[in-house]
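*Asks:*
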Amino acid sequence: MTVPKNALKKWEKVREFALGMPGAVEEFPWGESVAKVNRKVFVFLGTDDGGYPLGVTVKLRDEETHAHALTCPGAEPAGYGLGKSGWVRVPLEEKGAPGAELLCDWVEESYRVIAPKRLIAELEAR
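Under my numbering, the first residue of the sequence shown is numbered 123, with each subsequent residue one higher.
1) Give every residue of the same chain whose Cβ lies closer than 8 Å to the Cβ of Pro199, excluding the five residues on either side of it in the sequence, and list them in chain order.
2) Compare the C-alpha of Thr187 against each of Asn160, Pro220, Phe139, Gly142 and name the closest.
3) Taking the C-alpha atoms as reference points, what is the distance between Trp152 and Ala197?
4) Compare the Cα-Cα distances from Phe150 to each of Val159, Phe166, Val136, Gly201 and report the closest residue.
5) Kindly give me the distance between the Cβ atoms of Lys181 and Ile236, rounded to whole angstroms, as I take these residues to be in contact under 8 Å.
6) In its own chain, which residues sit with a C-beta less than 6 Å from the C-beta of Glu244, not counting the 5 before and 5 after it?
7) Using 7 Å as the threshold, is the C-beta distance between Leu214 and Lys135 below it?
8) Is Gly172 near Val125, with beta carbons less than 7 Å apart?
9) Among Gly168, Val163, Phe164, which one has its Cα closest to the Cα of Ser155?
10) According to DSSP, which residues form a beta bridge with Glu148?
11) Measuring only the C-alpha atoms, how far is Asn160 from Tyr174?
12) For Met143, would you say it is in contact with chain B, using Cβ-to-Cβ distances shorter than 7 Å as the test?
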């Protein structure tokens, strides 16, 4: 299965943005890419090999932002019970999927929910 070029470009921008956050590292639990801070996942990036539909999963605590993310085509509360804690999976291949800039905003919000205060302060100092 081939990943559409525009979805892959968005995914690459989001991944680069996430890994640019203070203290962020990439790991591959369960065979998929995740960005972690302080050993905790703040964004699930999935895989870019076309084996699964390309998407990102972020934790959104702000009710308005969470509700907005769920209005995106194909978006849904994350599986494995994570949706109950505010995690939302947003597919990138759907027509009308959000752009990279909005996705990066959501990644930053997810980061701020997970990251320790000292790293959030470092982010704000940039």
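Even for Gly, the Cβ is constructed at its ideal location relative to N, Cα and C.
The model shown is predicted, which means the values in this text are computed figures rather than measured ones.
*Replies:* Walking through what the data contain:
1) Leu192, Gly205, Lys206, Trp209, Val210, Arg211
2) Pro220
3) 21 Å
4) Phe166
5) 7 Å
6) Pro144
7) no
8) yes
9) Gly168
10) Ala157
11) 28 Å
12) Absent here is chain B; the protein component of the structure consists of one chain.
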